[in-house]
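Chains as they are written, first to last, in my numbering: chain S, -6 to 810; chain H, 223 to 358. I have placed the structure first, in the form of structure tokens, so that the comments after it can refer back to it.
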Ligand code: HEM
Ligand SMILES: [Fe+2]
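Okay, structure coming up:
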């Protein structure tokens, strides 16, 4: 990681305003070692990821051309399996149950369910057969584990007993998925067409085959023996155990190493002398640009989407507590579970992204020191309109697609159906385009600053971090309903995981660091060091760590090994950054603020502190809790995943999105309309409501379900029968008070505040021709402030720093004796 | 004792641990200059600034934040234990449930009094952040 000491030395002197180089650019403000380390770590990570992508295609479970019984009767073809997958996705079944543990948690895991049911039938047939009854178990195991797929002929042979089980299970799934009275989370008569049922059963049967049949040359199945199923001798493999232990060691060594290094060297170059005295501009004195004013609408839309998303969550949750009806209303006719869950998860992404788009637009003029190109506001209004079209279009498309209203165009206009990438392809392309337009808007707004800066400096990092969002969302386009499950899952998690565990963390760090720089409370150089440290730390574990989602989805064992070790390293920055987060907040903290203007962002900072807390608990602790392969083997797709997902997604990115809103609203809402009452209420309600959700229901429910997996097997623990059992239902109801607090005390006040932002949005925009300046604070020469706070204010408007004239004035660095 | 009651007892004990950890965090100094992590650095920099006091914003909020969470966790435990007492109450079960519920009840009682006391002085206005940089 370079030599940190030189990193600090290299930038001593005049930290914020080094002279421009020959090309008129402000040179790099950080030692080259940091930049090299960041690029190297990221590049190596993606190189390995590339190799793992190749291995995915080489080693995924094959789809046979035809599956026949020993008598030569054809049970189903490869095309049936593929059609089955398409039907699975089209009907939104991945948001009802799961395959290889991936999907929703109300319905069964169809892989484990098929495997368990068919193995039970097979064993029963052998036990009743008279002749070999004694070794019924051994014969069942042989039927399922022996790999009778011949790649040359493309033919897979199933035993007569397995063929019988297949026919029985076709009837079973016809009943489960096409129940006329509903009451199991799907629409009544959701899937009734016999051909479709046959294909779906073929798909489930194929996945169950891959889960038990041994890989050629190995003594474990394509899914590393997942799920646990004693009937076919499926138990954790040596790899699963070994790499669990090794990944723990990795974590301890990584964390210890970092803390030791951090204690020894002053990585970040913090020292007490480098402190400015400054005066925060009161929000009413900060004039916004036209584009900044449009963000009021973004934040209002964000809060509205958040409300809908949370309400849909409540409806989704209700199915777990009471499948029969929604307090007497047959909700499953209108809004079945798989639809509410699709909307709930899609909207979670949408509302968070809305806030990110808005803060980008809001920050660009601040970074450009007040400059804004013409028509920027128009573009940002268009962007919001486009976003509204995509959100509404995709959600309605999902409803219509699941009901089959689009015919053959279902995957284009309706729903592609891969969990988290549910939206139709058209909407997906439009969303990528919208994000790309957003980066174009940012580029326009920043370009004067960008041309005057080294690519390694903060304005560029901000822009590049923003660019990563559309780039990695676009990767999701690789997964289509025609991809095999293993391939699709690989690309799906490149999006899901790399977004939340790498590039969003990065965007977060850059944005938050920049907020503090713009507020004048953190030195640009310090912020830059934090950002590079974050890139190195997050990328070291996070990139290859993507594989922790793919232990059992048909990938070879190396994905499991690498995924386990590197994702364990992801916890290191989370441990470290909780310490850092508070330090960061306090870097700006000054006991004797010389200014009469108070720090205006109390509540934005509180939400950022909550981000730090939930990053530690929700992502770090609850994430690592389910991260070891041996734990994941039993746990995947159960309540503990939901526990982690909620605490991490809402706790980190939800709180962050709201923190951004608080920051901007402080300027958008006129001073006389602003009240601390609403953000305080919202802050406490959201945090306590989320904690309640986790500790009252998700954590204990997950733990109980995990116990059930160990006790009675995975298929059983995932069955509706278990979920509707008394013990689980009591826990499901127990979260109600917390959810009410969250919704009423948390979301509604936020919606109200964002409405105030729209309704009373400050009038009068900044004159685009006004000289560039730091908009949010003014530096004060300290000696004079001791006598008179107003005297000797060095208004930076007059220094016109940044741009080609940078370095005209040295900064005022207070040297305390 | 039936399985469900055993589970609730064990989980409540675990929640007691969570309450303890949150309380531990509530008391940790969050000032960078007081943190263990910076020990080596503090040795290297003899004139490092004085750590921020626990009642300076935003550090003043650390304690309150963790305590409020811990209060809620304890409330959850009390609720869980009560619900379980209604469902399962053979003598041994009752004994065990009351035994783990009682400490949580004490925590609830003490924490809510403490938090009330702390909230009383008006905290509404925007305070300037206090912190390291002050005179020393
Ligand atoms: C802010 C950061 C994070 C967010 C927002 C987040 C979010 C999520 C979500 C939404 C899921 C569910 C995926 C699904 O349903 O298939 C998930 C799964 C998972 N997460 Fe995270 N996560 C974060 C960080 C972490 C970290 C740091 C770790 C551990 C080192 C971790 C480990 C896991 C594992 C192992 C799963 C798979 C569980 C399963 O498929 O059953 N996560 N995460
Ligand atoms: Fe992940």
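For glycine and all other residues, C-beta sits at the position ideal for the given N, C-alpha and C.
Near ligand 2: residue i beta-carbon under 7 angstroms from a heavy atom
| i | result |
| --- | --- |
| residue 95(S) | no |
| residue 639(S) | no |
| residue 494(S) | yes |
| residue 490(S) | yes |
| residue 541(S) | yes |
Any C-beta of chain H under 8 angstroms from that of residue i
| i | result |
| --- | --- |
| residue -2(S) | The pLDDT assigned to residue -2(S) is 30, lower than 50, so where the model puts this residue is not dependable, and the model offers no usable value. |
| residue 693(S) | yes |
| residue 677(S) | yes |
| residue 150(S) | no |
| residue 780(S) | Its pLDDT being 36, under 50, residue 780(S) is placed unreliably in this model, and the coordinates cannot settle the point. |
| residue 685(S) | yes |
| residue 688(S) | yes |
| residue 648(S) | no |
| residue 705(S) | no |
| residue 696(S) | yes |
| residue 567(S) | no |
Selected residue, minimal CA-CA separation from residue i, among the options
| i | options | result |
| --- | --- | --- |
| residue 698(S) | 614(S), 407(S), 636(S) and 365(S) | 636(S) |
| residue 55(S) | 360(S), 208(S), 539(S) and 67(S) | 208(S) |
| residue 113(S) | 428(S), 733(S), 224(S) and 657(S) | 224(S) |
| residue 244(H) | 624(S), 736(S), 735(S) and 609(S) | 609(S) |
| residue 277(H) | 318(H), 303(H), 301(H) and 248(H) | 248(H) |
| residue 210(S) | 141(S), 248(S), 350(S) and 227(S) | 141(S) |
| residue 287(H) | 677(S), 725(S) and 67(S) | 677(S) |
| residue 326(H) | 239(H), 226(H), 228(H) and 227(H) | 239(H) |
| residue 425(S) | 460(S), 443(S) and 452(S) | 460(S) |
| residue 245(S) | 735(S), 362(S) and 617(S) | 617(S) |
| residue 839(S) | 455(S), 463(S) and 478(S) | This structure cannot speak to residue 839(S), because chain S is shown only from -6 to 810. |
| residue 157(S) | 63(S), 18(S), 78(S) and 149(S) | 63(S) |
Residue i vs residue j beta-carbon contact at 8 angstroms
| i | j | result |
| --- | --- | --- |
| residue 216(S) | residue 553(S) | no |
| residue 615(S) | residue 650(S) | no |
| residue 133(S) | residue 119(S) | yes |
| residue 366(S) | residue 280(S) | no |
| residue 701(S) | residue 710(S) | yes |
| residue 485(S) | residue 411(S) | yes |
| residue 326(S) | residue 181(S) | yes |
| residue 72(S) | residue 547(S) | no |
| residue 178(S) | residue 392(S) | no |
| residue 654(S) | residue 214(S) | no |
| residue 150(S) | residue 28(S) | no |
CB contact below 8 angstroms: residue i versus chain S
| i | result |
| --- | --- |
| residue 280(H) | yes |
| residue 246(H) | no |
| residue 301(H) | yes |
| residue 238(H) | no |
| residue 228(H) | no |
| residue 223(H) | no |
| residue 291(H) | yes |
| residue 315(H) | no |
| residue 305(H) | yes |
| residue 295(H) | yes |
| residue 348(H) | The pLDDT assigned to residue 348(H) is 37, lower than 50, so where the model puts this residue is not dependable; a value taken from the coordinates is nonetheless given after this. Yes - at least one Cβ of chain S is within 8 angstroms of the one on residue 348(H). |
Any non-hydrogen atom of ligand 1 closer than 7 angstroms to residue i Cβ
| i | result |
| --- | --- |
| residue 450(S) | no |
| residue 229(H) | no |
| residue 207(S) | no |
| residue 30(S) | no |
| residue 563(S) | yes |
| residue 608(S) | yes |
| residue 645(S) | yes |
| residue 131(S) | no |
| residue 625(S) | yes |
query = Which ranges would you report for the alpha helix (DSSP H) in the segment 497 to 569 of chain S if only whole runs of at least 4 residues count?
reply = 497 to 511 and 517 to 538
ask   = In chain order, which continuous runs of the alpha helix (DSSP H) of length 4 or greater are located wholly inside the segment 169 to 247 of chain S?
value = 187 to 205
Runs of beta strand (DSSP E) lying entirely within the segment 400 to 429 of chain S, each at least 3 residues, in chain order = 408 to 411 and 414 to 416
task = Would you mind listing the alpha helix (DSSP H) stretches within the segment 280 to 339 of chain S that are 4+ residues and don't spill past its ends, in chain order?
result = 283 to 314 and 324 to 327
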